[in-house]
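Residue numbers (the numbering used here), protein chains in the order written: chain A, 1364 to 2012; chain B, 17 to 509; chain C, 2 to 102; chain D, 85 to 556; chain E, 2 to 163.
Here is the structure:
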């Protein structure tokens, strides 16, 4: 199957087009099954590829055939695949998460009037991501990148009748597009220097040193691509779209946060690692952006009450982690991609679980929840597993990946490590806060609580599958060394030894944060928390306002609106006037000259003013007033002019 | 008469035939017009089949040459190459589709189709003519029908729009005529033959080339329209009937870009070279400024019109690059813009026919009521904002790529226009299609078969060219490579 | 007596005629002034003929033609004046201003 | 009398017009229309006569002997034909013209023929005396024709203004001729010595006044709108073409001799005159609301374009001028024909054209073609004509003149299109269709066919023009 | 002796001409025109142009001037005598005339040295020969002009009622 790996993005794409164009729309449409089937096929295919890769039946990167696409000038461009370790793992994760999300959605989206269309979009979304992951051509990567932007636009705004989603989808698209401009320019820059879009060829060129690819170019290109990643992966300062993107259906959030959209940015930076390797400056900036994002997002999650927003901020924070990892060298590279994989599982699980809760409660607000563990056992248990995984509880998958990143960061800069560790503590705190507020204690909204019930098995089964993976994936992949074997940079040193206190400090932070969370939120009433909030309201407000980034961007939008209006005003009032009315002006001028001459000579001293006003509007017609002797005068003037002319000669 | 003549003059035959059908027989008139445009389109497909896309096929193909006015060595000289054929195809296709869309015209049908077919003749001729005088005659031939089409069947300010269009473009083209004459009298032997003239630039001083270039540029820039000569465009587009807006945006603007490549660049390279810095500034301003102006609009059609200013800015940017990449981009962008903006105008026309308003804020939530229409519109908007996978992307991309290779600063500045484009299109979608359904339009009808027949081919082609750009690139690339290579020593100095 | 004397006389007559044609309000006055201009030309013809080209009496012959032409013009002009006078009851040129613009 | 045989056509026409006058005197007024047809026939006969005269090589040989007052060369034949064609067309138009009194149609025809005789002599004349007398014959006939509608005050007023300016410029011209005679000792152009000097120059310039008056060049054009508006419309059509064309022809002939002989540098002056004429004509036309007046200003502007060909000079310029004259005949006659139709039906105001496209589409379309041809839009003949003169200007490197010319053609489009605006864009004020007679239709069709033929296949016409652009 | 005659006639011509253009009463103007034309005929006589002299008196003074007088009388109103007879553009006209005269005189100064070589001789026969040979066509043409003028005069001055 590996020779036909191109089917992996292609099959869902075709399925999605079939579903969209030919399927019957309606709550009871059968078309979702086609979509799920297609994704299942892809998953199996990716499984087989992964299996072959893990068992070394094929060598990575695998030379897949490519298809000539088009030629412009003297540059041929082809459609090719880059099947290497990260791609194979990513494919597996994406297909699996997408498959589970789609199955889950059978329950979650059941009864929606645009049931079929949802699947078409999700299929398209996944296909774009798969194309991005697998393509060897940076141009195709960009294309898929943009298509993903569109799919997210469509899915976030899926319930477009409500103003919220309609606005959020636009915001997501524009914000990411802002980052995409960086990607776009980076692409232009790389092509301008290298004359190719092929990632392997670019990498090869970068490996040839500064002669082939000057450091400044590498830095510039790296930073420009980073802009793209910042947009897509919701890093500071472009993270603002992600919390709003929660307006979409929850399965979509799961997909976006776990496997597709936001992962793409991380994956892009990983794919173009060679640029950052060539430019320490760019690499450092990547790390700092990641760190800053991780920390800021974690702080913002502390004060969120919307269950999905908490998760959204946590995603941003985790993505910051990954970015941080990518910025700290070869060890970080492997760790970041590992975290990307494990994060996919537990974040998907968290969102799907949250979806289950929302499905039951018909609200997102955690203050109206509480005590759900009794009513929704599967959900609460699986969510708990995911929480342990994300907080890095030993043995769960997050533990391995996060520790790896922390270790890599420590090796790079202890200061960064300290901040990252603090962030991990914050993560633990707000995740437990979420769990406590949702599932523990007594119900705070009785009516909704009474109404709530466990979700159907079509929704819970995917939860359990993901729960198993969240629990075990880290252990399996890390201990067997399978992941590192496939995903590593050439210069990476294997099995580096880390000081023991890294682990202990992490565990201590975990324990402290979890305890604090229990003290504040786990005991039924939030009196202490409320008190704290009242005391530190400026900080809370700042956090709730997301450090003012939203306002800043709103200002930007307003500013561009004003600019647009100014431009239009200039267009209508000035440019149009100048180039169109100029004719009129010339005519008027001629008429005025004419008037002047007339007034001067013809009227003599007789009623000068009256004539001027009388003729002002007359234009050249003033010349022909029907007075025959004036006509004669013009002729005579010409004649006398002639007489003078002869004298000059 | 060979194939190209037939393509050009079939609509003329149709027009004359329409003139002789009594005006009461509306169906016969429509059938004749559609038939003529259809045959012309089919013949252009035949031309495509005969057209060689081999790397070596850089010359003119399907050439037809007769002496016409020997006194001035004016010839009836037609031919196509990679520059003209795509635009020729675009013209025949858009004309056919516009005519299909125009079947709903009820008022003065006979005149309408007569003028429309006459317009077609002019446009096709411009792209096929290789003699400058012939080129000029066809160029001017488009003005009159356009004037009538806007003036009779247009919107509230149609008369003003029509005359403004006519005078503005005529103002440009008369200077082009002077440029043509200057070329003629400075060539030895005197000729209007574009192919011959393209070989004569070594004998001309830079000063002469600059002056002649400016004369031509005025004509082309107004047509493109390049900042600051664009102000006729929003008015003309807004006031013109839908099908005419399609032609105006889809074909007429391309004549400017085509002329810049075919005449200004190929015949007057030193003038072109001298102008590049200015062209860059103009293109960049056009891109950003056009997009910003579009953002300020509340009228959908006007917004699309200003977006044309923005998109043709990309074309100019690509031209300023003077490389295969840039030229390919410019050509591709022109074709794509023809398809996409054509579709956009048709779609705006669809809703206008029903709602009698184009005010963006007058709508809301239409996606729920008219999903097919909304889908098509959304797709087209995305194509227009340059989404990969749709036709708009590659043209834009190559334009930027070409420009970036030589003038990165301008490319970087201009890229911001892309963002603004996205912003105003998405805002339009949001306000018109998303959100709660405005109850005023609760009974709005879905797009009908006639309109679909006009729009769908464009949509399909938009997707096709977006996925498989070589369909167009293979046609253009040999010619463009040749053009660039011939003059490369001049420009790379 | 030099030729210039005669020519200056012609020029003077011409200028006076010109002035009259430009300023007389009465159409008949204008007509008379134009006659003066014709006469100025005639003086020139005859004078030139006499002084510079006496071998052939072309100048005098032309003068004969001019006198005849002047007569013809006056006839038509006066008829027109009478015709319009019958309708408008005025001979002042500035009153003929129906056509303008 | 050497070479009198060359004037047989003129003599024939003069005699015929005298006979017509006599016939008009002795026949009852109801026969007027019949006499009119006879007049047309006479003009046609003369046209045939030209053919015979010119095709006989034996007769040709004697033409243009030194000292003769007239020559018969291709140039004069060309213009004679043009003038005669115009005469015939204008007379045909008169048949459709609804005048308040249809009496004296015979005299009318005779006067037109007399004027035509004058023009035919004018284009052949190589002697300033003959030129002056021919001009006077044209003028006096034209004055009468302009005032032919005796009951119309406008007609009277137009005629008297026309007369006053005509007589005035005659006087100026005559003074010029007197100076010319003084400096050269002759009025003949064929055997001219090179005199030079300021007086000679002044005489030439005063001659220009006379020609400029007839050709309606600015600033000698001011009578044009008034006379044209007042005159009966067929006369307007006739006056707007024939005298103008003939005057330009004689200008061409005179200056072709004078400029080399006198060593004159008049290009700048005539360039200026051309630019002024075009600009004044066009800019003023924009404000007109009366179609006759509008066409009057347009004809002034057209004279400006023709003058470009004259200024450019050389072979191309001459050919351009000739071609322009040829084309101008058809497009202007066509436009006036429609004006007569609408004038009969309603009025000469622009509002009368409202919605003509819905009332009579063919006429509206044809009118648009004539107007666009006047504006110089391809593929109508007006474009070829403009192209030719602009080409001549560019060839002589008169860039400013060419630029002003093309800009003017843009301005002119504005007012030409104003008529189409009324015809096509405005709703009709009356519903019933506009009837048109067969005469008018055939006249329109002929003119339209001519402008399209010349526009699309100009080669034979250019060849003809090239043959004609020869003087002896 | 010649110069006395010349200046007499010149003063007569110019003075009368000046009166023609300035007199308020048109009738006086018309009479003054006759005087001026007579002066011109005197100049012709001085120049030895006998036939022209005769023609001038016969046609101009005897014909044209009488005709003018007729029309002046026909088309006269009482109010004419009290109204201004020159229009508002006299200043411009004066300027133009001054410039023209200045230009003309400067140009014509060149002939200051030209004086008469021989005395006059009768020219009538010569003119007649000229008119009937070389200038026969113009001579015939003038008859056409006169005819046209005649037709016009009849047409315009015929009574309305018909």
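For glycine and all other residues, C-beta sits at the position ideal for the given N, C-alpha and C.
For residue i, which residues from the same chain have a beta carbon less than 8 Å from its beta carbon, with the 5 sequence-adjacent residues on both sides left out?
i              : result
residue 1392/A : 1386, 1478 and 1479
residue 599/D  : Look at the range of chain D in this structure, 85 to 556, and you will see that residue 599/D is not part of it.
residue 498/B  : 74
Excluding the 5 residues flanking residue i on each side, which residues of the same chain have their C-beta closer than 7 Å to its C-beta?
i              : result
residue 1450/A : 1496 and 1497
residue 1698/A : 1688, 1764, 1767, 1768 and 1771
residue 64/C   : 43, 46 and 47
residue 1964/A : A caution first: residue 1964/A carries a pLDDT of 47, below 50, which makes its placement in the model unreliable, though a value can still be read off. Correct list: empty, nothing qualifies.
residue 1762/A : 1755, 1756 and 1837
State the CB to CB distance for the pair residue i and residue j, rounded to an integer number of angstroms; the pair is presumed to be in contact (CB under 8 Å).
i              : j             : result
residue 137/B  : residue 208/B : In fact, because the Cβ distance is near 20 Å, the residues do not count as touching under 8 Å.
residue 1475/A : residue 309/B : The pair is not a contact, with the Cβ atoms about 40 Å apart (cut-off 8 Å).
Would you say residue i faces chain F, with C-beta separation under 7 Å as the test?
i             : result
residue 298/D : Reference to chain F is not applicable here, since the protein chains of this structure are A, B, C, D and E.
Give every residue of the same chain whose Cβ lies closer than 6 Å to the Cβ of residue i, excluding the five residues on either side of it in the sequence, and list them in chain order.
i             : result
residue 36/E  : 17
residue 217/B : 285
Whole runs of the alpha helix (DSSP H) within the region 20-64 of chain E, excluding any shorter than 4 residues
Taken in chain order, the complete alpha helix (DSSP H) segments of 4 or more residues contained in the region 20-64 of chain E are 27-47 and 51-56.
Looking at C-beta atoms only, is the number of pairs between the region 1480-1493 of chain A and the region 1370-1382 of chain A that lie closer than 8 Å three or more?
The region 1480-1493 of chain A makes contact with the region 1370-1382 of chain A, as at least three CB pairs between them are under 8 Å.
Inter-stretch contact (C-beta, 8 Å, three-pair minimum) for the region 463-472 of chain B and the region 1524-1540 of chain A:
Fewer than three pairs of CB atoms, one per stretch, sit closer than 8 Å, so the region 463-472 of chain B makes no contact with the region 1524-1540 of chain A.
Any 3 or more C-beta pairs closer than 8 Å across the region 300-317 of chain B and the region 281-290 of chain B:
Segment contact: the region 300-317 of chain B against the region 281-290 of chain B, fewer than three CB-CB distances shorter than 8 Å; contact not assigned.
Complete alpha helix (DSSP H) runs within the region 1369-1450 of chain A (minimum length 4 residues, chain order):
The DSSP assignment places 1370-1385 and 1394-1417 as complete runs of the alpha helix (DSSP H) inside the region 1369-1450 of chain A, in order along the chain (cut-off: 4 residues).
For the region 237-254 of chain B, list every residue whose C-beta sits within 7 Å of some C-beta in chain A, in sequence order.
Flagged, chain order: 244, 245 and 247.
With 7 Å as the C-beta to C-beta threshold (strictly closer), list the residues of the region 12-25 of chain C near chain A in chain order.
Within the region 12-25 of chain C, the residues whose Cβ lies closer than 7 Å to any Cβ of chain A are, in chain order, 19, 22 and 23.
Which residues of the region 84-96 of chain B have a Cβ closer than 8 Å to any Cβ of chain D? Give them in chain order.
Only 84, 85, 86, 87 and 88 from the region 84-96 of chain B bring a Cβ to less than 8 Å from some Cβ of chain D.
Any chance you could list the alpha helix (DSSP H) runs of at least 4 consecutive residues sitting entirely within the region 411-472 of chain D, in chain order?
For the region 411-472 of chain D, whole alpha helix (DSSP H) runs of length 4 or above, ordered along the chain, are 440-443 and 445-459.
Could you check whether the region 459-477 of chain D touches the region 493-506 of chain D, counting it as contact only if at least three pairs of C-beta atoms, one from each stretch, sit closer than 8 Å?
Segment contact: the region 459-477 of chain D against the region 493-506 of chain D, three or more CB-CB distances shorter than 8 Å; contact assigned.
When you compare the region 112-125 of chain B with the region 258-272 of chain B, are there three or more beta-carbon pairs, one atom per stretch, that lie closer than 8 Å?
Yes: the two stretches touch, three or more of their Cβ pairs being nearer than 8 Å.
Please name the residues in the region 381-392 of chain B whose beta-carbon is closer than 7 Å to at least one beta-carbon of chain A, in chain order.
Here the close residues are 381, 383 and 384.
At least 3 beta-carbon pairs within less than 8 Å: the region 514-533 of chain D vs the region 188-195 of chain B
Touching, no, given that fewer than three Cβ pairs across the two stretches are closer than 8 Å.
Does the region 325-339 of chain B touch the region 264-281 of chain B, meaning 3 or more C-beta pairs lie closer than 8 Å?
Yes: at least three Cβ pairs fall under 8 Å.
Against chain A: residues of the region 285-311 of chain D by CB proximity under 7 Å
Under the 7 Å Cβ criterion, the region 285-311 of chain D contributes 285, 286, 289, 290, 293, 303, 304, 306, 307, 309 and 310.
Within the region 79-150 of chain E, note down every full alpha helix (DSSP H) run reaching 4 residues or more, in order along the chain.
Listed in chain order, they are 91-109 and 125-133.
Quick check: the region 263-271 of chain B against the region 138-152 of chain B, are there 3 or more CB pairs under 8 Å?
Contact between the region 263-271 of chain B and the region 138-152 of chain B is present, because at least three Cβ pairs lie under 8 Å.
Residues in the region 488-505 of chain D having any Cβ partner in chain B nearer than 9 Å
Answer in chain order: 489, 490, 491, 493, 494, 495, 497, 498, 501, 502, 504 and 505.
Identify each residue in the region 63-76 of chain C for which the Cβ-Cβ distance to at least one residue of chain E is less than 8 Å, and report them in chain order.
Going along the region 63-76 of chain C in chain order, one finds 64, 65, 66, 68, 69, 70, 71, 72, 73, 74, 75 and 76 with a Cβ nearer than 8 Å to chain E.
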